[in-house]
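Undergrad: Whatever position you read off the sequence shown (first residue = 1), add 5 for the numbering used here. Beta carbons are placed, not taken as given, at the ideal position from N, Cα and C, and that holds for glycine. Since we're looking at a predicted model, the values are computed, not measured.
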Amino acid sequence: MYDKLIFDLSKPGKTGVSLPQTDVPHRDNLIPDQLRRKEPIGLPEVSEPEVMRHFHNLSIKNHHIDKGFYPLGSCTMKYNPKINEVTARLSGLADLHPLQPAEQVQGALRLLVELGEALLEVSGMDGVTLQPAAGAHGELTGLLLMRAYHESQGHPRRKVIIPDSAHGTNPASIITAGYEVVQIPSNADGLIDVQALKNVLDTEVAAMMITNPNTLGMFESNILEVAELVHNAGGLLYMDGANLNAMLGITRPGDMNFDVVHINLHKTFSTPHGGGGPGAGPVAVKQHLVPFLPGPLPVKDGDKYHWQEPGPQSIGRVGSFYGNFGVLVRAYTYILMMGAEGLRQVSERAVINANYLRALLEPHYELPYKRRSLHEVVFSGDGLKPYGVKTTDVAKRLLDYGYHAPTIYFPLIVHEALMIEPTETESKETLDAFAQAMINIAEEARTNPELLHRAPIATPVGRLDEAGAARALNVVYKPEAEQK
Ligand SMILES: *Cc1c(COP(=O)(O)O)cnc(C)c1O
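(1) Residues bridged to HIS267 by DSSP?
(2) Mark GLY159 as exposed unless 16 or more other C-beta atoms lie within 10 angstroms of its C-beta, in which case mark it buried.
(3) Less than 7 Å between the CB of THR276 and some heavy atom of ligand 1, yes or no?
(4) Excluding the 5 residues flanking PRO296 on each side, which residues of the same chain have their C-beta closer than 6 Å to its C-beta?
(5) In this structure, how does DSSP classify ILE180 when only helix, strand and coil are distinguished?
(6) For ASN269, verify whether its CB is less than 7 Å away from any heavy atom of ligand 1.
(7) Could you tell me which residues DSSP pairs with GLN26 in its beta bridges?
(8) According to the Cβ coordinates, are ALA171 and THR216 closer than 8 Å?
(9) Do you know whose CA, among HIS409, GLY195 and PHE330, lies nearest LEU77's CA?
(10) Output the boundary residues of the alpha helix (DSSP H) element that contains ILE357.
(11) Leaving aside the five residues before and after VAL304 along the sequence, list all residues of the same chain whose C-beta is less than 8 Å from its C-beta, in chain order.
(12) Which same chain residues, not among the five before or five after ILE11, have their C-beta less than 7 Å away from its C-beta?
(13) On the three-state DSSP scale, how would you describe ALA212?
(14) May I ask which residues mark the beginning and end of the alpha helix (DSSP H) holding PRO54?
(15) Can you list, in chain order, the residues of its chain with a C-beta nearer than 8 Å to that of ARG115? Leave out the 5 residues immediately preceding and following it.
(16) State the CB to CB distance for the pair MET214 and TYR243, rounded to an integer number of angstroms; the pair is presumed to be in contact (CB under 8 Å).
(17) Using a Cβ-based criterion (distance less than 7 Å to any ligand heavy atom), does THR220 qualify as near ligand 1?
(18) Quick one: any contact between the region 389-401 and the region 243-253, if contact means 3 or more CB pairs under 8 Å?
(19) What does the alpha-carbon distance come out to for the pair ASP13 and ILE167?
(20) From the DSSP output, read off the bridge partner residues of TYR310.
(21) Is the region 132-146 touching the region 174-192, taking contact as three or more C-beta pairs under 8 Å?
(22) LEU457 to ASP470, Cα distance in whole Å?
(23) Identify, in the order they occur along the chain, each residue of the same chain with its Cβ nearer than 6 Å to the Cβ of THR146, setting aside the five sequence neighbours on each side.
(24) Sort out for me which residues DSSP pairs GLY132 with in a bridge.
(25) When you compare the CB positions of VAL334 and MET343, do they come within less than 8 Å of one another, or not?
(26) For GLU156, report the span of its alpha helix (DSSP H) as first-last.
(27) Return helix, strand or coil for GLN318, following the three-state DSSP convention.
(28) Quick one: Cα of LEU120 to Cα of GLU126, how far?
(29) Taking 8 Å as the threshold (beta carbon to beta carbon), is ASN227 in contact with chain E?
(30) Since MET443 is in the alpha helix (DSSP H), which residue starts that stretch and which ends it?
(31) Is PRO454 closer than 8 Å to ARG402 when the C-beta atoms are compared?
(32) Do VAL210 and ARG162 count as a contact pair if the criterion is CB distance below 8 Å?
(33) Give the secondary structure of GLU421 by DSSP, where H, G and I count as helix, E and B as strand, and everything else as coil.
(34) Assuming GLY286 and ILE268 form a contact by the criterion Cβ under 8 Å, report the distance between their Cβ atoms to the nearest whole angstrom.
(35) Give the single residue among LYS19, ALA355 and LEU149 whose Cα lies nearest to the Cα of SER79.
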């Protein structure tokens, strides 16, 4: 079942390259003794084709967006156009050193300035930092900005409000920024309960964090009223814009009176992600928060670009150098390739695709919140309970059909949740085939639940003890002789 490890393929003396004899005269003391390795390094010795085949075969065992449909809700696993990879590899960008003086890297600075301008246009905000390396990092940055703002007003305040549909990173970021989490329930439509919000608003509330459309895929239609209530209490409004796929060119966080928003370039702006990175989570703010932004900031001055050191109120750096530059290049490429009209079409198609799947699957899976959704839709596996089948079984069985599973058991307010986000990059044929697989699985649940309990059966490894695999991870190779 398992492939050999590359160490098992190793034979002493095998090598991928043959270098000519050195013509540098040999001198024993060239490298001081204390810097010399005492033991052999223990790397595998294999030929170039063996290395290539080993890693290529491993890579195709994993699911990835170039291999198949990946409808992971909230994560926006859209296809990443290959032109992004071409520009990110251009020597003039890829081979820069982060310490090169500004006059030598004018093009890179221009790219950062123009990416920032595009994000301000998309978000309707006034200032932006590109430093945060991920969405959660952007959230922490945004919270620190709001804390600095409140401190400048004399009191940092104590609490941050979130709805119970919030992404798990929101409460984690709130705690990390030194605030208390105040959670309010959603109403029967899956939206913010305005009365519940009024009940918790007081002068200790620093901010409210909202995902819009929320994690049920629904637009918070009372957002202007919510913004007014929070602002009247002296609080700030934070938008978790990890996923802007439903609003590009249609509406903007700034127009909804949000004060801060983070944007996941690795979701909406098509840079490869998953398995932990890389990413970028720029944070955009309204004018009253601009003085607190991290620095240095790339700026245009006449026809030259330079780094502007942060002012005295800045929260300081939140990332080394200029952020994840390779990700920023990809997002910039994507935005230029799409253009304003293209970006709007992204959102229109993402919304149509999600609603198409919703219509195909509604007769077969429970839909707890019936309002029209935007870019994603959340079903419940509760209807399969009579057959002893759980959402996790449906997810595992989808792997046998060649699909990545949707997000499951999130958002927490939906029992046995199945959260599907198809994105705009999938064709009707792909959506039809996926829906058919989901419908087949619902039928299998009724007729052959045992099969679903055993799934997946067609993948390189079967059902894993997921907690064990994460907690008792063992990635240290020991040669067979030492294992005994
Ligand atoms: C993905 C996501 C985040 C976190 O982003 P990371 O880049 O994974 O840290 C936060 N909020 C929502 C709604 C998300 O979908």
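TA: Based on what the coordinates show:
(1) Sequence index remark: in the sequence shown, residue 267 carries index 262 (1-based). Beta-bridge pairing by DSSP links HIS267 to ASP245 and VAL288.
(2) Within the sequence shown, residue 159 is the residue found at index 154, counting from 1. If you draw a 10 Å sphere on the C-beta of GLY159, you find fewer than 16 other C-beta atoms in it, and that means exposed.
(3) Along the sequence shown, read from residue 1 onward, the residue named residue 276 stands at position 271. Because no heavy atom of ligand 1 lies under 7 Å away, the Cβ of THR276 does not count as near it: no.
(4) In the sequence shown, counting from the first residue as 1, residue 296 sits at position 291. Cβ neighbours of PRO296 beyond the five flanking positions: GLY316 and GLN318.
(5) Along the sequence shown, one-based indexing puts residue 180 at 175. ILE180: helix per DSSP, three-state reduction.
(6) In the sequence shown, residue 269 corresponds to position 264, counting from 1. It does: the Cβ of ASN269 is within 7 Å (strictly closer) of some heavy atom of ligand 1.
(7) Translated into positions along the sequence shown, residue 26 becomes position 21. In DSSP, GLN26 forms no bridge with anything.
(8) Here residue 171 is taken as the residue at index 166 of the sequence shown, counted from 1. Here residue 216 is taken as the residue at index 211 of the sequence shown, counted from 1. For the 8 Å CB-CB criterion, ALA171 and THR216 form a contact.
(9) As a first step, residue 77 must be located in the sequence shown, where it is residue number 72. Of the candidates HIS409, GLY195 and PHE330, the residue whose Cα lies closest to the Cα of LEU77 is HIS409.
(10) If you number the sequence shown from 1, residue 357 lands on position 352. From DSSP, the alpha helix (DSSP H) with ILE357 extends over 330-366.
(11) The residue given as residue 304 occupies position 299 in the sequence shown. Closer than 8 Å at Cβ, skipping near neighbours: VAL118, TYR310, HIS311, TRP312 and GLN313.
(12) Reading the sequence shown from its first residue, position 6 is the one you call residue 11. The residues are PRO49, VAL51 and HIS59.
(13) In the sequence shown, counting from the first residue as 1, residue 212 sits at position 207. Residue state, collapsed to three classes: strand.
(14) Working through the sequence shown from its first residue, we reach residue 54 at position 49. First-last of the alpha helix (DSSP H) with PRO54: 53-64.
(15) For the purposes of this step, residue 115 is identified with residue 110 of the sequence shown, where counting begins at 1. Closer than 8 Å at the Cβ level, and outside the excluded window around ARG115, lie LYS305 and TYR310.
(16) Mapped onto the sequence shown, residue 214 falls at position 209. Mapped onto the sequence shown, residue 243 falls at position 238. With 8 Å as the limit, MET214 and TYR243 qualify as a contact, their Cβ atoms being about 4 Å apart.
(17) Position 215 of the sequence shown, counting from 1, holds the residue named residue 220. Ligand 1 has a heavy atom closer than 7 Å to the beta-carbon of THR220.
(18) At 8 Å Cβ cutoff, the stretches do not touch.
(19) Reading the sequence shown from its first residue, position 8 is the one you call residue 13. Reading the sequence shown from its first residue, position 162 is the one you call residue 167. Cα-Cα distance, rounded: 51 Å.
(20) As a working mapping, residue 310 is identified with position 305 in the sequence shown. TYR310 is bridged by DSSP to LYS305.
(21) In short, these stretches touch, since the Cβ pair count reaches three.
(22) Reading the sequence shown from its first residue, position 452 is the one you call residue 457. Reading the sequence shown from its first residue, position 465 is the one you call residue 470. Taking the straight line from one Cα to the other gives about 16 Å.
(23) The count along the sequence shown starts at 1 and reaches residue 146 at position 141. Excluding sequence neighbours, THR146 sits near PRO137, VAL288 and VAL323.
(24) Along the sequence shown, one-based indexing puts residue 132 at 127. Bridge partners of GLY132: VAL290.
(25) Locating residue 334 in the sequence shown gives position 329, where the first residue counts as 1. Locating residue 343 in the sequence shown gives position 338, where the first residue counts as 1. No; because the gap between Cβ atoms is not below 8 Å, this pair is not in contact.
(26) Here residue 156 refers to the residue found at position 151 when the sequence shown is read from its first residue. In this chain, the alpha helix (DSSP H) harbouring GLU156 covers 140-157.
(27) As a position in the sequence shown, residue 318 is number 313, starting the count at 1. Looking at GLN318 - three-state DSSP - the assignment turns out to be coil, as it is neither helix nor strand.
(28) In the sequence shown, counting from the first residue as 1, residue 120 sits at position 115. In the sequence shown, counting from the first residue as 1, residue 126 sits at position 121. Taking the Cα positions, LEU120 is about 10 Å away from GLU126.
(29) The structure shown contains no chain E; it is built from a single protein chain.
(30) One-based indexing of the sequence shown puts residue 443 at position 438. MET443 -> alpha helix (DSSP H) spans 433-452.
(31) Translated into the one-based positions of the sequence shown, residue 402 becomes position 397. Translated into the one-based positions of the sequence shown, residue 454 becomes position 449. The Cβ atoms of ARG402 and PRO454 lie no closer than 8 Å to each other.
(32) Looking up residue 162 in the sequence shown gives position 157. Looking up residue 210 in the sequence shown gives position 205. A contact, by the Cβ cut-off of 8 Å.
(33) Counted from its first residue, the sequence shown places residue 421 at position 416. In the structure shown, the three-state DSSP call for GLU421 is coil.
(34) One-based indexing of the sequence shown puts residue 286 at position 281. One-based indexing of the sequence shown puts residue 268 at position 263. Confirmed, Cβ separation roughly 7 Å.
(35) Your numbering for residue 79 matches position 74 in the sequence shown. Just measuring C-alpha positions, the residue of LYS19, ALA355 and LEU149 sitting nearest SER79 is ALA355.
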